[in-house]
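Using my numbering, read the sequence shown as starting at 26 and increasing by one per residue.
Note that CB positions come from ideal geometry on N, CA and C, so glycine has one too.
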Amino acid sequence: MLDLKDLLNKDAIHGILSKLGVDQENSGDVINAALETINEKFSSNGTQMVSMLSQESNTADDEILEAQIEEGFLNKLSSGGASESLIQKLKGAAIPMILNFLREKIGGESGGMSILSTFLSKDENDKDGGLLGGLGDKISKLF
């Protein structure tokens with residue numbers, strides 16, 4: 026199975042957050058909140074994940090899922106004690122930028138969608154036993 030570290034590294038995500046005005050002190054918490062939310066939403070709808078991360082135009086369902094990810098992300102930040110000023114910096118920008126980066130790296134790579142299908146295939150040794158159980162583990166190792 027391909028390691029996502031080949032496609033995405035933490036410096037890239039820190040760079041995205043830096044452009045939004047997030048300092049290094051807060052970037053780890055922001056990244057964790059984003060990844061947890063993305064994993065939660067994608068694990069419940071693998072088909073929509075493939076659609077959303079493809080190079081095709083987003084469907085109405087993709088837009089709904091992105092809005093749900095955004096809402097969950099902001100709620101995680103708020104419940105985790107993030108300041109209102111930090112939340113306002115990230116609102117409407119961080120999740121679209123992170124998803125676009127993933128879309129470019131995964132969906133834009135030659136055979137990128139086959140990479141996703143690898144994650145979608147059921148793995149008997151997967152501790153979660155779900156279709157995307159290994160994906161969350163792989164993404165969490167990036168950070």
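Positions of the alpha helix (DSSP H) runs, each at least 4 residues long and wholly inside the segment 38–84, are given as 49–68 and 71–78 in order along the chain. A distance below 8 Å between beta-carbons, with the five flanking residues on each side excluded, links L45 to the following residues of its chain, in chain order: K114, L115, A118, A119 and M122. For the options V75, D48 and I94, the alpha carbon positioned closest to that of E129 is the one of V75.
For the 8 Å CB-CB criterion, I112 and L102 form a contact.
Collapsing the DSSP output to three states places G97 in a helix.
Annotation for G105: D54 and A58 place their beta carbon closer than 7 Å to its own, counting only its chain and skipping 5 residues before and after. Comparing C-alpha distances from L127 to each of I63, E109 and A85 shows the shortest one belongs to I63. By the neighbour-count criterion, in which a residue is buried when 16 or more other Cβ atoms sit within 10 angstroms of its Cβ, S110 is exposed. K130 sits in a helix when the DSSP states are folded into three classes. C-alpha of L78 to C-alpha of G71: approximately 11 Å in a straight line.
In this model, N51 and D87 are separated by some 28 Å (Cα to Cα).
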